[in-house]
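Presented below is the structure to which this report refers.
Residue numbers (the numbering used here): 421 to 597.
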């Protein structure tokens with residue numbers, strides 16, 4: 421793998437890790453969110469579900485955007501949307517703001533995830549593509565596995581807000597040069 425290949429792989433993996441992590445990272449923070457923002461059970465379901473609903477509902481559209489507007493542009497759009505929504509969610513001070521931020525975050529993830537996969541399938545030569553896809557898959561699985569752990573650690577050590585704010589520096593660093 422060339423240096424450029426490794427950079428592309430690192431960016432795609434970082435983005436995919438955040439996308440998958442954020443499916444479950446909020447779950448262990450729900451009691452803290454409930455206490456801080458006075459959420460009821462239905463509100464908490466929306467905090468958890470808005471991300472997944474937007475992500476699943478817009479995933480095919482995200483893939484089509486990459487076809488229409490190009491991978492780089494779509495990757496940057498998805499990552500920027502995801503990162504800005506993470507910031508908005510981390511700063512939210514009411515139900516509507518947090519639920520809307522989680523939905524926009526899911527929309528950003530729906531744009532970002534197909535772009536990361538397509539970048540790998542179009543960037544890497546056939547002989548190294550299986551390794552790149554294996555790394556991307558492993559990092560995605562690690563994100564899903566780490567969600568509850570990371571969410572618990574951040575919520576306990578800092579605040580529930582950091583389960584979202586942690587994406588901001590990662591997203592900023594993952595933006596391509």
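Ideal Cβ positions, reconstructed from N, Cα and C, are used throughout, including at glycine.
Residue 526 is positioned such that its CB atom lies closer than 9 Å to that of residue 472. Here residue 438 is near residue 594, since their CB atoms are less than 9 Å apart.
Assignment of residue 466 by DSSP, reduced to helix, strand and coil, places it in the helix class.
Less than 9 Å divides the Cβ of residue 583 from the Cβ of residue 510. Taking the CA atoms as reference points, residue 474 sits about 20 Å from residue 461. Separation of residue 548 and residue 515 (C-alpha to C-alpha, rounded to the nearest whole angstrom) is 46 Å. For the options 431, 424 and 427, the alpha carbon positioned closest to that of residue 590 is the one of 431. Residue 580 holds the alpha-carbon nearest to the alpha-carbon of residue 507 among 568, 482, 580 and 444.
In the three-state reduction of the DSSP assignment, residue 437 falls in the helix class. With a beta-carbon spacing of about 17 Å, residue 480 and residue 502 fall beyond the 8 Å limit used to define contacts.
At a Cβ-Cβ threshold of 9 Å, residue 441 and residue 567 count as neighbours. In the displayed model, residue 586 falls within coil according to three-state DSSP, outside both helix and strand.
Boundaries of the alpha helix (DSSP H) harbouring residue 568: 549–577, taken from the DSSP string. A buried status is given to residue 522, since no fewer than 16 other beta-carbon atoms sit within 10 Å of its beta-carbon.
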